[in-house]
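A.B. asks: Let me begin by handing over the structure; questions about it come next.
Numbering (the working numbering), first residue to last: -16 to 518.
As C-alpha cells, then:
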C-alpha cells in the first residue's frame, strides 16, 4: 500500500522545512547489541535469499523488556539450544540458496572449476556486505573464502563449498546481531556518533524492519548518512516506499503487544466465536486501521482511538454482528453509531488480549490502558492480598458488582481503583470483544472514571484517552524506545519532551515523528561503549 498523493506532498514539505528549533542537548545512551527479532530475521532472509525459502521455526523466542520486543532484543542472548537451531537453519537456508535453479541470481560470477578462489571471494565480498550490513575486512573475506575453497575441494563442487561460506555468514554475530557501537565524531559536534553503515542499519530496520538495500549501503559508502542532507534524502526514500508500512506496522504491533495474539487462548465452551484464526484476524484489523488512517491518509494518531472506521473479514463480521464483506479478505466497514464500539479499544485485539479465558477483565484492561497507552507506573499486588473475584451470586451477579470487592477493600482498593474504574468502561464487550447489553440478566453499567474524567461507556473512555495529556508523550516514548532499543534515562527527558511538542505542532502525524526522531541526536548520537555492548 502506497502513501497517498497528499501524504507524499506533506512529507516532502516537512522534510524540506526542517525543525523550527533544535532538540535540547541530551546525554546519549550507551550503544547496545540487538539480536534480530524473529520478524527481522525472516524479512532479512527474504531480502537476501528470496522470500519463498523454507525457514525453520522455533529458532529462539523474542524477549519483551521495557514493554517492547525491540528493547528485549538488546537483552536477548542466544541459549545453547538456540545456537544449535540457528546453525541448523543456516545450513538449511544455504543449501536451498545454492540449488541449481536459484544460485544464478545470488552468485555474481561463473566458476572456472570446482575450486575458484576469485569467484568465491567475489561472492563473499558482495553478499557479505549485504548480510553484515557493512563491507567485510580483508581478513574476513579471506577467512570465508578459505572456508568455501576447502569445502569445494573436499566435495568437488564449487557451489557446495559456497554453502559453507554462506552458512558462516548467516551464523556470525555480525548477521544475527545489530552491532551499532558508534565512532568518534570527526566533526567535533558530538563526542561519538553512529557511523554511516550503522545509520543505514538503524534507518532500514526502523522503517522497513529489514536489512539495508544496496542503495542505502551505497549512500553509507559515500559518507552521506552522517550528513543531515544525505540522511534526509534516504529518509524520504524509505518513508515513501511501500515497504515503510512493514516497519511502522511493526512498531505499532510492538507498542500494542499484538505478538501475544499468536498464543490467544479462550474457552470455546464460553465463547462460541473463538477460533484458531481469531488472533490473526484481530491483529490485522488493528494494523490495517493504523496503516490506513495514520499512514496512508496521514491522520492524527489520536484519532485511532475514536474512529468509527474499521477493517473486518467474515470472521470479525460475525463476532461484531456486522454485515460480512462480499469477498474474502478484509474490507473497510463503519461501526454502528448506536453502540459504544469505537477505535482501538473496541477491537478484538485489545479486548481479547486483556481478558481472562472465560470472562472479561476490567482490571487487566485498565492496567493496559494505564501502563501501555499512558506509560503510568502501577504498584504490584501485595503478596498476602487475595485478588480473586468472588463467584456469581444473587447479591453480585455482574462482573462490575463482583469487582466492587476490590474497590472496597482497603488493602487493594487504591490500586484497583486506578485499573478497574477505567476498565469497567469496556464491560459492554466480553472476553473476545463481542458486544453484550446485559450480563446474567442484568443490564450492564459501563460507566467509569479516568483521572477525574467521568464517562458512560467505551465511547466516552476512548475520548478520555484521546484527550489525555499522557497519551502522546507515551506514544513518543515508546517510539523512541523502539527505534533505539533502550529505555530512556531521566537526563533524556528534555529530548522526549521536545519530540512530543513537535509531534503536537505537526498534528500528531506519524511521518513527522519519524523525521524529527531520525534527524535528532537521540537517533544519531552514540554514547560511550559499555562493557556489555563490546563485541
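Beta carbons are placed, not taken as given, at the ideal position from N, Cα and C, and that holds for glycine.
Is it right to say residue 437 is buried, meaning 16 or more other beta carbons lie within 10 angstroms of its own, or is it exposed?
C.D. replies: exposed
A.B. asks: Does residue 4 pass the burial test, meaning 16 or more other C-beta atoms within 10 Å, or should it be called exposed?
C.D. replies: exposed
A.B. asks: Check whether the stretch 415 to 423 touches the stretch 299 to 310, taking contact to mean three or more Cβ pairs, one atom from each stretch, closer than 8 Å.
C.D. replies: They touch, by the three-pair rule.
A.B. asks: On the criterion of 16 or more Cβ atoms from any shown chain inside 10 Å, does residue 398 qualify as buried, or is it exposed?
C.D. replies: With 16 or more other Cβ atoms within 10 Å, it is buried.
A.B. asks: For the putative contact between residue 124 and residue 106, defined by C-beta atoms under 8 Å, what is the C-beta separation to the nearest angstrom?
C.D. replies: Actually they are not in contact, since the Cβ atoms of residue 124 and residue 106 sit about 10 Å apart, beyond 8 Å.
A.B. asks: Count the C-beta pairs between the stretch 64 to 72 and the stretch 471 to 482 that are closer than 8 Å, then say yes if the count reaches three, no if not.
C.D. replies: no
A.B. asks: Return helix, strand or coil for residue 498, following the three-state DSSP convention.
C.D. replies: helix
A.B. asks: Hey, would you say residue 193 sits closer than 7 Å to residue 116, going by beta carbons?
C.D. replies: The Cβ atoms of residue 193 and residue 116 lie no closer than 7 Å to each other.
A.B. asks: Do the CB positions of residue 465 and residue 16 come within less than 7 Å of each other?
C.D. replies: no
A.B. asks: Considering Cα atoms alone, identify which of 508, 488 and 467 is closest to residue 188.
C.D. replies: 467
A.B. asks: Is residue 442 closer than 7 Å to residue 325 when the C-beta atoms are compared?
C.D. replies: Contact flag set, yes.
A.B. asks: Using the Cβ count rule (16 or more neighbours within 10 Å means buried), how would you classify residue 361?
C.D. replies: exposed
A.B. asks: Does residue 212 pass the burial test, meaning 16 or more other C-beta atoms within 10 Å, or should it be called exposed?
C.D. replies: exposed
A.B. asks: Name the two residues that bound the continuous beta strand (DSSP E) containing residue 433.
C.D. replies: 431 to 433
A.B. asks: What alpha helix (DSSP H) runs, 4 residues minimum, are completely inside the stretch 229 to 279?
C.D. replies: You should have 261 to 272.
A.B. asks: With DSSP as the reference, please indicate the residues paired to residue 317 in a beta bridge.
C.D. replies: 292
A.B. asks: Helix or strand or just coil, what does DSSP make of residue 327?
C.D. replies: helix
A.B. asks: Whose C-beta lies closer than 8 Å to the C-beta of residue 343 among residues of the same chain, with five residues either side of it excluded?
C.D. replies: Counting only Cβ-Cβ distances below 8 Å, and skipping sequence neighbours, we find 334, 382, 409, 410, 412, 413 and 414.
A.B. asks: Can you check DSSP and say which residues form a bridge with residue 16?
C.D. replies: Residue pairing by DSSP places residue 16 opposite 162 in a beta bridge.
A.B. asks: With a 10 Å radius around its C-beta and 16 neighbouring C-beta atoms as the bar for buried, classify residue 457 as buried or exposed.
C.D. replies: buried
A.B. asks: Could you name the residues of the same chain whose beta carbon sits closer than 8 Å to that of residue 152, not counting the 5 residues immediately before and after it, in chain order?
C.D. replies: 107, 110, 111, 114, 115, 127 and 158
A.B. asks: According to DSSP, simplified to helix, strand and coil, what is residue 465?
C.D. replies: helix
A.B. asks: Under a Cβ-count criterion, where at least 16 other Cβ atoms within 10 Å of its own Cβ denotes burial, should residue 57 be classed as buried or exposed?
C.D. replies: buried
A.B. asks: For residue 492, does the three-state DSSP call read helix, strand or coil?
C.D. replies: coil
A.B. asks: Tell me, which residues are paired with residue 200 by DSSP?
C.D. replies: Paired residues: none, contrary to the question.
A.B. asks: Based on Cα-Cα distance, which residue from 170, 98, 178 and 155 lies nearest to residue 507?
C.D. replies: Nearest option by C-alpha distance: 178.
A.B. asks: Among the candidates 31, 268 and 280, whose CA atom is the shortest distance from the CA of residue 150?
C.D. replies: 31
A.B. asks: Buried or exposed: residue 94, going by 16 or more other Cβ atoms within 10 Å of its Cβ?
C.D. replies: buried
A.B. asks: With a 10 Å radius around its C-beta and 16 neighbouring C-beta atoms as the bar for buried, classify residue 83 as buried or exposed.
C.D. replies: exposed
A.B. asks: What residue from 75, 332 and 502 has the CA that sits closest to residue 36's CA?
C.D. replies: 75
A.B. asks: What number of angstroms, rounded off, separates the C-alpha of residue 366 from the C-alpha of residue 351?
C.D. replies: Its pLDDT being 47, under 50, residue 366 is placed unreliably in this model, and the coordinates cannot settle the point.
A.B. asks: State the start and end residues of the unbroken alpha helix (DSSP H) segment that holds residue 438.
C.D. replies: That residue, residue 438, is in no alpha helix (DSSP H); its beta strand (DSSP E) goes 436 to 438.
A.B. asks: What residue from 317, 266, 137 and 435 has the CA that sits closest to residue 245's CA?
C.D. replies: 266
A.B. asks: Measure how close the beta-carbons of residue 605 and residue 222 come, nearest whole angstrom, since I'm counting them as under 8 Å.
C.D. replies: Residue 605 lies beyond the stretch modelled for the chain, which goes from -16 to 518, so this question has no answer here.
A.B. asks: Within 6 Å: the Cβ of residue 456 and any heavy atom of the ligand MG?
C.D. replies: The ligand MG is not among the ligands present in this structure, which contains no ligands whatsoever.
A.B. asks: Out of 264, 330, 512 and 138, point me to the one whose CA is closest to residue 311's CA.
C.D. replies: The shortest Cα separation from residue 311 among 264, 330, 512 and 138 belongs to 264.
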